[in-house]
Each structure stands twice: as C-alpha cells, then as structure tokens.
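These notes concern the structure reproduced below.
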Amino acid sequence: MEWRVDKMQGRDWEQVRLIFLEGIATGNATFEVDAPSWDHWNSSHLTECRLVTRRSDDQVLGWAALSRVSNRCVYRGIAEVSVYVAGSCRRQGVGAALLNELVEESEGAGIWTLQAHIFPENQASLRLHERSGFRQVGRRERLGEMKGAWRDVLLLERRSSVVGI
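Residue numbers (my numbering): 1484 to 1648.
Structure (structure tokens):
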C-alpha cells in the first residue's frame, strides 16, 4: 500500500475523527469516551504540527498532532503528542512515519520537549515512541477512572537535540 505523510487539512477531519473513535474503542489509547467536535479539537491542538498519512485516493490512514501542556510562557517549548493509526493499517510503518515527521515539524516550530501519556497496556505505542527517541520518565498511578477501574499512565518524553540546547 502506497501512502505519504502530508499536512492535515480541515477536510480531513471526518476521517481523522473516525480513526480517533477506533482508538477510543480499543480502551487503551485515551481516557476520552467520544471524539470532540472539529471546533474543540482545532482549538486544542497546535496549528503548525498536524499531520496525516494518506493514500493517493485521499484516504487518511493515520494522524498525529501536538497540543500545549500549559499556557505559561516557560512551557512554550513543551507539547503533548497524539498519534492514531487506523486499525487496518497498524504495523505497517504508518505510526513511525507520522511520529518521526512530527518530531521534525516540532523542532521547526521551536518545541524542545515532546511528552506522551501512554497506558502501560499499550505496548505497541510504547515501542513506537521508544524507537523515536522517547524515554519513560514517570508513572502516574491511578490517574483516571475508566469503566470502573483506575488506570495508570506512563509519562514519556523526548528532548530535542537541536532546539533548546
């Protein structure tokens, strides 16, 4: 299957939303229980770091984006990573291509630290992030409740070697 990494466009939202819903359904991607509206999603993610992988027929196979961790000036170079891949396209390099390009884009935008919050059970996501230079820096125990069970979240970070050094 041929695909390319591309800038996310507003017209991609419905496909992005469906992939997000697939991730939610796994129970190991996010605490969210539903995908937000475009307006909410758009206002909560950085405009300069939004990517999709798409086939030549414009089908979106995965997406990645960054959101701020804080509005405080001192944290302006720190962002949280979101990477989601359609179920039918997992283990084909889509996530790795997205995350590697997102790292590059983030450095171009002046981001010096990327964070990822990952459920310990999501081994595929942990491996993906570790292969892209992330390392585990903490474990947030019983951070949130999901379907009656309190879930831990691992905190991973990737520090840029070109920005903020």
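Using N, Cα and C, we set each Cβ at its ideal position, and we do this for glycine too.
Counterpart residues of residue i in DSSP-defined beta bridges
i     : result
G1591 : DSSP lists no partner for G1591.
I1601 : L1637
A1632 : M1629
R1642 : T1596
Distance between residue j and residue i (C-alpha atoms, nearest Å)
i     : j     : result
L1504 : G1591 : 30 Å
E1588 : R1634 : 31 Å
E1531 : Q1498 : 19 Å
Y1558 : W1521 : 25 Å
Q1619 : P1519 : 28 Å
A1512 : F1602 : 7 Å
W1496 : I1507 : 16 Å
G1621 : L1637 : 6 Å
A1569 : Q1575 : 11 Å
K1630 : R1500 : 22 Å
Which listed residue (the options) has its alpha carbon closest to that of residue i
i     : options                       : result
K1490 : A1512, S1527, V1543 and G1631 : V1543
I1606 : W1546, V1516, S1539 and R1573 : The amino acid at residue 1606 is misidentified as Ile; the sequence shows Gln. Measuring from the Cα of Q1606, the nearest candidate turns out to be R1573.
R1537 : V1488, D1522, A1508 and S1527 : V1488
V1646 : S1571, R1622 and G1560        : G1560
R1533 : R1622, Y1567, K1630 and S1553 : Y1567
C1556 : W1486, K1630, E1515 and G1593 : G1593
E1628 : E1515, R1610 and G1578        : E1515
N1525 : R1625, S1553, A1548 and V1552 : A1548
S1443 : E1563, I1502, R1494 and I1648 : What the structure shows of the chain is the stretch from 1484 to 1648, and residue 1443 is not part of that stretch, so it cannot be assessed.
Minimum Cβ-Cβ distance from residue i to chain C less than 8 Å
i     : result
E1531 : Here chain C cannot be found, since the structure has a single protein chain.
- Item | Segment contact flag, the stretch 1591-1608 with the stretch 1634-1648, C-beta cutoff 8 Å, min 3 pairs | Remark: three or more beta-carbon pairs, one from each stretch, lie closer than 8 Å, so the stretch 1591-1608 and the stretch 1634-1648 are flagged as touching.
- Ordered list of beta strand (DSSP E) runs contained in the stretch 1505-1575, each at least 3 residues: Counting whole runs of 3 or more residues, the stretch 1505-1575 contains the beta strand (DSSP E) stretches 1533-1537, 1543-1551 and 1561-1568.
- Item | Three CB pairs or more closer than 8 Å across the stretch 1564-1582 and the stretch 1608-1623 | Output reads yes: the stretch 1608-1623 touches the stretch 1564-1582.
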